[in-house]
Amino acid sequence: MSTAVRLAGITKRFPGVIANDDVDMSVEGGTVHALLGENGAGKTTLMNVLYGLYEPTEGTVYIDGTPRSFDSPRDAIDAGIGMIHQHFMLVDPMTVTENITLGNEPRKWGGLAIDRETAREEVAELSERYGFDVDPDARIEDISVGAQQRVEILKAIYRGADVLILDEPTAVLTPQEVEELFAVLEELTAQGKTIIFISHKLGEVLEAADEVTVLRDGKNVGTVATDETTREELAELMVGREVLMEVDKPAMDAGDSVLSVRDLSVEDERDVEVVGDVSFEVRSGEVFGIAGVDGNGQAELVEAITGLRTQESGTVSFEGERIDGWSRRKRIREGMAYIPEDRQERGLVMEFDLVENGILGSQHAEPFASEGRIDWDTSRSHAEDIIRKYDVRPPNADADAVSFSGGNQQKFIVGREFERDPSLVVATHPTRGVDIGSTEFIHERLLDLRREGKGVLLISSKLEEVQGLSDRLAVMYEGEIMDVVDPAAVTEEELGLLMAGEYPDSYESSRRTDAAEPAGERR
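If you want it as structure tokens, here you go:
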């Protein structure tokens, strides 16, 4: 087996930062090689060097033993490198064939016209060769997320890629789609393709990869075979210390209702109903989870609860009082904290520094303001407390939010919302883009809030997270709650089917007219 990719002494410097520090990495042809590391460890930078987005400050990229220098992604593509990004780059109204061949269409009549028949035949042949089961004539907007991902892979292969970089490829997939992806990777490597698989999910890395390279602080701290390591060992390599892998969630008796949602319906910007007659309740001292593939109404539901969107019908009550007409500011003042799905659009003002971002939503209230004037000394002390307590890096309260990595932006938002002393936390993907050490800390803080008698509404696409933290778990599909289940009793396979809108065989649903009540035993 020959080496498909070798990175030799790759160093990449930015002003004041060494993102990659003398990194060596070898990837054998026909294998799946995983790349792990905390936020800021240099994974993305390293792959951007390989894909031609960055030129290394020092070091050499070797493809099939030949040194290569890439000035752009086009050079990397010409060298057989393809990259499938976490957010797909597809044109929804166009067909599978049109997306795959876009910019590289076969021509006829001396190049005057696109040869659509040949294009379709080529895509169908590729799909069949790799067992992808993709309809060349289907429109992107009509196929599943998993099928869209396979289209992205086919698009790279159509352009001649022998090495495929997959960036967090399971982030938007159901468990069944994850298994289908792993089968695709197995078929690709069986036919000689090489995969570099970036992921923060240790279990999936151990299942899908042959070898794992771990980066920490821009350095390669180890490359190991997956059949010779464990989750615990990989986590310790990533963080540099032992990491608690299991969530310690002692049993608790939930108290009174903190949040009550009844028959809630919400429309999107096109006046299409995306949440239909949803009911549930979050009580003090419990974590109520909502699982589902992104795009099934969770975002609009949360926006209606937090005051960012007007519901069409139904009611939202907070600590026994209807809050339909409350402003976002009043909801914050009365004790509703919110970790948004999109940290840059909803959580931060990117041009503000962390002192200013630390008081967002509370800038008119004590202790941050008095008689209409902001107390900047108190505000600075507050921001520095968040930075220290939540390990935001670099620890510079005067730096603009835009200068921080996504994971550190997330840690700052989480810290700001937890420090409001809320009675309810609406946490939407609270650990998205956050490294394993910080994820452990955020999980502990969520459970601290539970122990303190707070209510937590947790929305997450990470099944391990939402199952491990929740006391009760709702599954959403196409704007409706399929069921409310006991997360300790339901299987991952059953959850995956519910997330896809199906009830498993021999499944006895606990769903009832009033889904606000505890689900109890499912069977």
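Residue numbers (the UniProt record's numbering): 1 to 523. Each residue gets a CB set at the ideal place from its N, CA and C atoms; glycine is no exception.
Within the stretch 445–501, the complete alpha helix (DSSP H) segments at least 4 residues long are 463–469, 492–499, listed from N- to C-terminus.
Residue pairing by DSSP places I63 opposite V5, T66 in a beta bridge.
Counting the other CB atoms within 10 Å of its CB gives H364 a total below 16, which places it among the exposed residues.
Listed as beta-bridge partners of R107 by DSSP are I114. Around the beta carbon of H85, fewer than 16 other beta carbons lie within 10 angstroms, which makes this residue exposed.
Within the stretch 178–265, the alpha helix (DSSP H) runs of at least 4 residues that lie entirely inside it are, in chain order, 202–208, 231–239.
A check of alpha carbon separations from D400 across T95, V355, N220 identifies V355 as the nearest.
Judged by their CB atoms, E267 and E303 are not nearer to each other than the 8 angstroms cut-off. Under the three-state reduction of DSSP output, H443 falls in the helix class. Counting along the chain, H382 sits inside the alpha helix (DSSP H) bounded by residues 376–389. For G218, the closest of G468, V490, G9 by C-alpha to C-alpha distance is G9.
Distance between V184 and I195, taken at the CA atoms: about 11 angstroms. DSSP places I143 in the coil class of the three-state scheme, outside both helix and strand. If you look at V134, you'll find it isn't in any alpha helix (DSSP H); DSSP assigns it neither H nor E. In the pairwise beta carbon analysis, the stretch 225–245 is classified as not touching the stretch 450–458: fewer than three pairs are separated by under 8 angstroms. CA-CA distance, T428 to E117, rounds to 45 angstroms.
Residue state for S370 is assigned as strand, using DSSP reduced to three classes.
Contact annotation: V425 and A337 have beta-carbon atoms nearer than 8 angstroms.
By the C-beta criterion, the stretch 263–278 is judged to be in contact with the stretch 306–324, since at least 3 inter-stretch pairs fall below 8 angstroms. M482 sits away from T174, with the two beta carbons spaced by 8 angstroms or more.
A straight line joining the alpha-carbon of R472 with that of E55 spans about 49 angstroms. Between the stretch 196–208 and the stretch 17–37 there are three or more C-beta pairs closer than 8 angstroms, enough to call the two in contact.
Nearest to L164 by C-alpha distance, out of F280, G192, D398, is G192. Between the stretch 56–63 and the stretch 141–150 there are fewer than three C-beta pairs closer than 8 angstroms, too few to call the two in contact. Under the three-state reduction of DSSP, F88 is assigned to coil, being neither helix nor strand. In this model, S284 and T378 are separated by some 30 angstroms (Cα to Cα). Contact check for I81 against A147 fails: the beta carbons are separated by 8 angstroms or more.
Of the candidates A156, D294, V49, E122, D294 places its Cα closest to the Cα of T170.
The continuous alpha helix (DSSP H) containing G415 extends over residues 406–418. Comparing C-alpha distances from G240 to each of V214, S260, E366 shows the shortest one belongs to V214. Inside the stretch 296–347, DSSP marks whole beta strand (DSSP E) runs of 3 or more residues at positions 313–318, 336–339, from first to last along the chain. About 4 angstroms separates the beta carbons of P136 and T97, which is inside the 8 angstroms limit, making them a contact pair. Per DSSP, reduced to three states, the secondary structure at T44 is helical.
Here I442 has V414, P430, T431 as same chain residues with Cβ atoms under 6 angstroms from its own Cβ, once five neighbours each way along the sequence are excluded. Here DSSP, grouped into helix, strand and coil, assigns D21 to strand. For V96, no beta strand (DSSP E) encloses it; the enclosing alpha helix (DSSP H) starts and ends at 96–101.
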